[in-house]
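Written below as structure tokens is the structure these notes are about.
Residue numbers (the working numbering): 394 to 713.
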């Protein structure tokens, strides 16, 4: 039986003034997600800094932590500088059918897809995960993410994201014999695929970034969360709940203020609502759950302390 996963997701700067590996190990959490920062257009390996180093990975395993890389990889999986020479590799914009350089790729173009998969396998070799889970997130820009060319127009954003995940999953064993690939349900893909079924090595990652944190996810009196709950339960009819992963934002200071020139703020966190959420998720078979905790660095701890983090860990440990 596979282990339960419970933890947080951090960027390199979150380690300024705080040893998160030691803190997580003491809290009973067991999984650390490593993130290179927001947006698709950056050098993932450069942004990860020390997080990609063997010594850092060794320290995590020594402290009993699993680790995985949750990263925006659109510009790594396909070099967007190719647009001038190979515009057909890139998405057609739905309003005028013109190819655009700031989206993902055309999933109906075999050459583009081979390039994407080749680069995904190469990246997985450079960033191995002890969870054997690989997260290749694309662009999530509204209406400028996926392709609407004549061959792709019948596919929604989730279908195209899943086609990509399926293609990578077919070859992920080249990097990790036990590897699995995530389908990220988030923003435009939250409603799920309509035409495509997942490969057996593709798992669901549910990331409800636009949900309400003043109500539990299963509180039907909240219209925002009601729509998220409906989308989630629909996704569980397509994906195996026991393999699914929840990526939440309970601890994410950056969600509430992205101005890094200002001191980090406390996230909205009500322990009783969080506990109800964890109870709901686990009642449906979920065994893996993390939250972004971006900007919870040494400055944050000096200003706000770690009371919320400790409550977060205590509740997760109660259920997972």
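Think of the CB as a built atom: it goes at the ideal place given N, C-alpha and C, for glycine as much as any other residue. Everything numeric in this text was worked out from a predicted model, so none of it was measured.
In the DSSP assignment, what are the bridge partners of residue i?
| i | result |
| --- | --- |
| residue 639 | 599, 682 |
| residue 485 | 492 |
| residue 427 | 403, 462 |
Give me the Cα-Cα distance between residue i and residue j, rounded to the nearest whole angstrom.
| i | j | result |
| --- | --- | --- |
| residue 594 | residue 555 | 12 Å |
| residue 678 | residue 533 | 28 Å |
| residue 670 | residue 618 | 11 Å |
| residue 591 | residue 511 | 20 Å |
| residue 551 | residue 583 | 7 Å |
| residue 632 | residue 638 | 11 Å |
| residue 683 | residue 543 | 39 Å |
| residue 626 | residue 548 | 21 Å |
| residue 530 | residue 680 | 21 Å |
| residue 642 | residue 636 | 20 Å |
| residue 578 | residue 601 | 8 Å |
| residue 585 | residue 466 | 20 Å |
What are the start and end residues of the beta strand (DSSP E) that includes residue i?
| i | result |
| --- | --- |
| residue 529 | 526 to 530 |
| residue 460 | 459 to 465 |
| residue 402 | 398 to 403 |
For residue i, which option in the options has the closest C-alpha, if you only look at C-alpha atoms?
| i | options | result |
| --- | --- | --- |
| residue 606 | 664, 590, 571 | 664 |
| residue 500 | 514, 457, 560 | 560 |
| residue 541 | 466, 564, 483, 456 | 483 |
| residue 660 | 564, 680, 688 | 688 |
| residue 672 | 686, 712, 692, 480 | 712 |
| residue 699 | 581, 412, 396 | 412 |
| residue 523 | 696, 395, 493 | 395 |
| residue 647 | 666, 668, 622, 693 | 693 |
Exposed or buried, what is residue i when buried is set at 16 or more other beta-carbons lying within 10 Å of its beta-carbon?
| i | result |
| --- | --- |
| residue 651 | exposed |
| residue 573 | buried |
| residue 424 | buried |
| residue 653 | exposed |
| residue 690 | buried |
| residue 400 | buried |
| residue 571 | exposed |
| residue 445 | buried |
| residue 431 | exposed |
| residue 720 | The chain is shown only over 394 to 713; residue 720 falls outside these bounds and no answer can be derived. |
Tell me which residue opens and which closes the alpha helix (DSSP H) that residue i is part of.
| i | result |
| --- | --- |
| residue 573 | That residue, residue 573, is in no alpha helix (DSSP H); its beta strand (DSSP E) goes 573 to 578. |
| residue 666 | 664 to 676 |
| residue 476 | It is not in any alpha helix (DSSP H) - residue 476 carries neither H nor E in the DSSP assignment. |
| residue 708 | 700 to 712 |
| residue 553 | 550 to 562 |
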